[in-house]
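Numbering (the working numbering), first residue to last: 272 to 676.
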């Protein structure tokens with residue numbers, strides 16, 4: 272059974288994601304779509320709007336056949352590590368191809384850009400260092416350096432100021448690094464840009480604009496109904512009714528503030544993502560901030576991007592030491608979150624050929640899953656009382672979600 276892989280967060284699942292799944296299947300000629308999906312915390316260092324179980328069900332009801340969890344040690348890191356971990360999982364699951372969305376929509380541009388960067392690596396790295404020394408963040412430094420090096424008239428290269436182009440380039444690079452036989456495929460993003468905060472069309476909106484609408488309307492999902500499949504909208508409403516809220520950093524601010532104020536500078540320097548004296552700035556800013564938003568607006572500088580700061584804060588909240596995130600190149604297991612009938616059939620046929628051990632149930636003594644289990648426990652602390660206990664328990668009691676089509 273031919274399979275195409277997609278790397279996703281689904282925060283939450285919307286019509287653009289459904290379009291991507293449909294196109295991935297058609298363009299690749301595949302019978303099966305396999306998702307590698309971030310768990311309860313995401314690449315930008317923030318909690319997912321709803322749990323990984325809710326988002327898994329959204330994906331399976333809208334066209335995915337299998338959903339595997341991208342472990343915390345990959346899901347909450349920069350684009351290079353994120354991509355390497357995700358690609359290793361899709362390779363292990365037996366995918367023939369990977370399909371990702373991009374602003375470019377031209378796979379040859381990704382190949383050409385990767386070739387260009389490999390040929391000019393020393394010059395590119397030097398340019399990046401010079402830009403960073405001027406106080407520019409790494410993503411901006413990389414985009415400026417590439418623009419300076421690449422010929423202006425060369426239209427065969429990517430625009431690396433665009434977020435999905437940057438991430439897509441890392442996917443193609445990871446395929447090459449891992450000597451994978453998977454074929455990369457890209458489709459152009461439709462209507463909405465990744466960071467769009469407003470609705471761009473009548474049916475397609477970015478996940479950013481959907482989340483903004485939810486929180487600006489006090490958690491009422493009615494405004495976002497046109498931009499999501501009916502099944503996803505219903506699951507979003509169900510989550511709010513079942514657990515009482517959607518997750519945001521504000522749910523965790525009292526916990527983070529406590530952690531910042533009670534951790535010594537020496538201890539904090541051992542936390543992953545805390546570099547260059549950042550611990551002092553974080554602590555002094557926490558003292559004068561009543562909300563997470565106010566804290567972030569005060570602590571952000573040109574040097575430290577919002578994403579980098581959020582990731583550092585997440586690792587502090589999680590107490591993730593630098594040593595725990597070392598050597599994050601390839602995953603060592605496939606954690607199954609859910610499947611359809613077709614997905615189960617695929618697993619039964621391919622189980623002996625999977626490149627990694629398949630995990631369908633967790634227990635407290637599974638050391639390799641320790642970070643993922645810890646992440647789920649911390650994530651549940653964004654809720655209160657019975658709901659908190661219910662979500663925490665799901666990490667051990669919830670079997671892979673099964674959708675019978």
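Using N, Cα and C, we set each Cβ at its ideal position, and we do this for glycine too.
What residue does the beta strand (DSSP E) around residue i start on, and which one ends it?
i           : result
residue 339 : 337 to 341
residue 278 : 274 to 279
residue 416 : Where residue 416 is concerned, there is no enclosing beta strand (DSSP E), although the alpha helix (DSSP H) it sits in stretches over 409 to 420.
residue 674 : 672 to 674
residue 609 : 605 to 611
residue 373 : 368 to 373
residue 495 : Careful: residue 495 lies outside any beta strand (DSSP E) and carries neither H nor E.
residue 309 : 303 to 309
How would you write the range of the alpha helix (DSSP H) that residue i sits in, first residue to last?
i           : result
residue 457 : Per DSSP, residue 457 belongs to no alpha helix (DSSP H); it is in the beta strand (DSSP E), 454 to 459.
residue 229 : Given that the chain is displayed from residue 272 to residue 676, the structure contains no residue 229 and the question cannot be resolved.
residue 292 : 286 to 299
residue 384 : 378 to 390
residue 327 : 323 to 332
residue 649 : 641 to 651
Any idea what DSSP makes of residue i, helix, strand or coil?
i           : result
residue 439 : helix
residue 666 : helix
residue 475 : coil
residue 429 : coil
residue 356 : helix
residue 434 : helix
residue 315 : coil
residue 395 : helix
residue 516 : coil
residue 592 : strand
residue 570 : helix
residue 480 : helix
residue 539 : helix
residue 406 : coil
residue 580 : helix
residue 629 : strand
residue 450 : coil
residue 654 : coil
residue 621 : helix
residue 525 : helix
residue 599 : coil
residue 348 : coil
residue 320 : coil
residue 364 : coil
Please name the residue in the options whose C-alpha comes closest to that of residue i.
i           : options            : result
residue 558 : 583, 541, 545, 527 : 527
residue 585 : 541, 535, 523, 441 : 523
residue 667 : 654, 308, 646, 525 : 646
residue 483 : 456, 455, 509, 517 : 517
residue 291 : 389, 641, 477      : 477
residue 648 : 454, 312, 456      : 312
residue 626 : 391, 542, 604, 553 : 604
residue 352 : 650, 314, 406      : 314
residue 453 : 655, 277, 674, 632 : 277
residue 577 : 349, 293, 306      : 349
residue 673 : 508, 613, 474, 630 : 613
residue 549 : 474, 575, 367      : 575
residue 631 : 572, 620, 615, 642 : 615
residue 555 : 407, 492, 569      : 569
residue 389 : 406, 583, 405, 447 : 447
residue 505 : 661, 295, 325, 272 : 325
residue 441 : 623, 370, 587      : 370
residue 600 : 583, 444, 507      : 444
residue 295 : 366, 321, 354      : 366
residue 507 : 320, 293, 307      : 320
residue 265 : 386, 354, 669, 460 : The structure shown does not extend to residue 265, since the chain spans only 272 to 676, so no value can be given for it.
residue 582 : 560, 546, 617      : 546
residue 653 : 602, 552, 617, 521 : 521
Can you give the beta carbon distance from residue i to residue j, rounded, assuming they're within the 8 Å contact cut?
i           : j           : result
residue 316 : residue 346 : With a Cβ gap of about 10 Å, residue 316 and residue 346 do not count as contacting.
residue 544 : residue 458 : Going by Cβ atoms, the distance from residue 544 to residue 458 rounds to 32 Å, so no, they are not a contact pair.
residue 274 : residue 305 : 5 Å
residue 372 : residue 436 : That belief does not hold up - the Cβ atoms of residue 372 and residue 436 are roughly 10 Å apart, past 8 Å.
residue 394 : residue 433 : That pair is no contact at about 22 Å.
residue 480 : residue 318 : With 8 Å as the limit, residue 480 and residue 318 do not qualify as a contact, their Cβ atoms being about 18 Å apart.
residue 406 : residue 664 : With a Cβ gap of about 47 Å, residue 406 and residue 664 do not count as contacting.
Pair every Cβ in the segment 349 to 362 with every Cβ in the segment 329 to 338, then say whether three or more of these pairs are closer than 8 Å. no
Would you call the segment 282 to 301 in contact with the segment 491 to 501, where contact means no fewer than 3 C-beta pairs closer than 8 Å? yes
For the 8 Å Cβ check, are there 3 or more pairs between the segment 605 to 613 and the segment 337 to 346? yes
With three or more C-beta pairs closer than 8 Å as the rule, is the segment 530 to 550 touching the segment 504 to 513? With the cut-off at 8 Å, the segment 504 to 513 and the segment 530 to 550 do not touch.
Quick check: the segment 298 to 305 against the segment 562 to 571, are there 3 or more CB pairs under 8 Å? no
Mind the definition here: the segment 379 to 392 touches the segment 426 to 446 only if three or more C-beta pairs lie below 8 Å; say whether that holds. yes
Pair every Cβ in the segment 412 to 424 with every Cβ in the segment 389 to 398, then say whether three or more of these pairs are closer than 8 Å. yes
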